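Peer 1:
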Amino acid sequence: MAVQPPFSVTDSHSLLWWAHLSLTEVYGTQDIYGRMDPMHELIATILSHRTTHANEMAAYKAMLDRFPTWEQVRDAPLDDLIACIQTAKYPEVKAPWIKQVLTSIIDERGAATVDFLSDMSTEEAMSWLTNLPGVGLKTASLLLLFYFRKPVLPVDTHVHRVTQRVGVLGPKVSAERAHKLLLEQLPKDPVVLFNVHKHFYWHGQRVCTWYTPKCSECALASQCAFYQSGGTLELSSTAGRNTGLQIRIG
Ligand code: SF4
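What the sequence shown shows, in the UniProt record's numbering, is residues 1 to 250, in sequence order.
Have a look at this one:
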């Protein structure tokens, strides 16, 4: 049953809010939490691009085992750093990014810390972070929401795929563009935004997976455009991967 949101909405707003409330019933409400301190999270998130969590953590551990301080990572010979993080995808790209990020932060701030972001406006902090090499909207949004409680919405591959399949986003909207489009439709409350992110993320991992979404178990099936189409919609979030998609109808 669709739930009416407590603010003026268009159809897309209603659908997003209904999906949020439906997923809240499934996953509950969490307070905001992060995995580690912000500086570690920034570097770990650079390692995480297109990499499984296990491989990201293996690369992260190998890097800090070999180079225990951020200054040592900054000064590490490039080939050695690449070798350390080889379990992450594209280590030859990520190693220079990590060295450049650490150099920029230490040169500008005198220490390897991003705690100063808490004193910046959301727009200033977002601009500062996305000017760093290898730091895009998703990484910056994760850091700002999880550690500094700024009102932004990180859109990773799971959030993008589920919101697009349900029909909140148009079929050609990119994940980059989705950051702005989804945020415009939500209250600027960090706890709400954290829960929206977590719920769509978990739902994409556990239920609305790439190839075999478990539609028969899904709390969003009654309003889902992808499910109603029998899995035939061509979507940018699953471009080239829809062939052979199996929709299991309970
Ligand atoms: S109904 Fe299926 S395609 Fe739609 S959100 Fe749920 S699992 Fe994904």
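C-beta atoms are modelled at their ideal positions from N, C-alpha and C, and glycine is treated no differently. Nothing here was measured: the structure is a model prediction, and the numbers come from that model.
Taking the alpha helix (DSSP H) that K198 belongs to, which residues open and close that run?
Peer 2: Counting along the chain, the alpha helix (DSSP H) containing K198 begins and ends at P190 to R206.
Peer 1: Please name the residue in Y90, L144, P154 and K138 whose C-alpha comes closest to that of S121.
Peer 2: L144
Peer 1: How close, in whole Å, do the beta carbons of Y60 and H199 come, if the pair is a contact with beta carbons under 8 Å?
Peer 2: Rounded to the nearest angstrom, the Cβ distance from Y60 to H199 is 26 Å, too far for a contact under 8 Å.
Peer 1: Going by beta-carbon coordinates alone, are H13 and Q228 separated by less than 9 Å?
Peer 2: no
Peer 1: Reducing DSSP to helix, strand and coil, say where L235 ends up.
Peer 2: Coil, per DSSP.
Peer 1: With M57 as the anchor, note down where its alpha helix (DSSP H) starts and where it stops.
Peer 2: H53 to R66
Peer 1: Going by the CB atoms, is the gap between I43 and W70 shorter than 9 Å?
Peer 2: yes
Peer 1: Could you give the distance in angstroms between the alpha-carbon of T139 and the alpha-carbon of T238?
Peer 2: 21 Å
Peer 1: To the nearest angstrom, how far is the alpha carbon of T212 from that of D156?
Peer 2: 19 Å
Peer 1: For K180, which of T232, N195, W202 and P151 has the nearest alpha-carbon?
Peer 2: Minimum Cα distance to K180 is reached at P151.
Peer 1: Answer yes or no: do V166 and C224 have a C-beta to C-beta separation smaller than 9 Å?
Peer 2: Cβ atoms of V166 and C224: closer than 9 Å.
Peer 1: Assuming the contact rule is C-beta atoms closer than 8 Å, C208 and V159 should be a hit. Round their C-beta distance to whole Å, please.
Peer 2: Actually they are not in contact, since the Cβ atoms of C208 and V159 sit about 10 Å apart, beyond 8 Å.
Peer 1: Nearest to R149 by alpha carbon, out of A88, A58, D189 and S48?
Peer 2: D189
Peer 1: So E41 is in the alpha helix (DSSP H); what residue range does that whole segment cover?
Peer 2: That run of the alpha helix (DSSP H) goes P38 to S48.
Peer 1: So is the beta-carbon of Y60 under 8 Å away from any non-hydrogen atom of the ligand SF4?
Peer 2: Because no heavy atom of the ligand SF4 lies under 8 Å away, the Cβ of Y60 does not count as near it: no.
Peer 1: Could you tell me the distance, in whole angstroms, from the CA atom of V93 to the CA atom of S222?
Peer 2: 43 Å
Peer 1: Look up C218 in the DSSP assignment and say whether it is helix, strand or coil.
Peer 2: coil
Peer 1: Would you check if there are 3 or more beta carbon pairs closer than 8 Å linking the region 126 to 142 to the region 93 to 113?
Peer 2: The region 126 to 142 is in contact with the region 93 to 113.
Peer 1: How should P77 be labelled, buried or exposed, when 16 other C-beta atoms within 10 angstroms of its C-beta is the threshold for buried?
Peer 2: Exposed, because fewer than 16 other Cβ atoms sit within 10 Å of the Cβ of P77.
Peer 1: Taking K150 as part of the alpha helix (DSSP H), name the residues at either end of that continuous run.
Peer 2: Looking at the DSSP string, K150 is not in any alpha helix (DSSP H), and its letter there is neither H nor E.
Peer 1: Taking A95 as part of the alpha helix (DSSP H), name the residues at either end of that continuous run.
Peer 2: It spans P91 to R109 - the alpha helix (DSSP H) in which A95 sits, taken as one unbroken run.
Peer 1: Tell me the rounded alpha-carbon separation between N55 and A112.
Peer 2: 24 Å
Peer 1: Give me the residue from H20, T24, H53 and M126 with the minimum Cα distance to R35.
Peer 2: H53
Peer 1: Assuming M63 and I85 make a contact with CB atoms under 8 Å, what is their CB distance in whole Å?
Peer 2: Here M63 really is in contact with I85; their C-beta atoms are around 5 Å apart, less than 8 Å.
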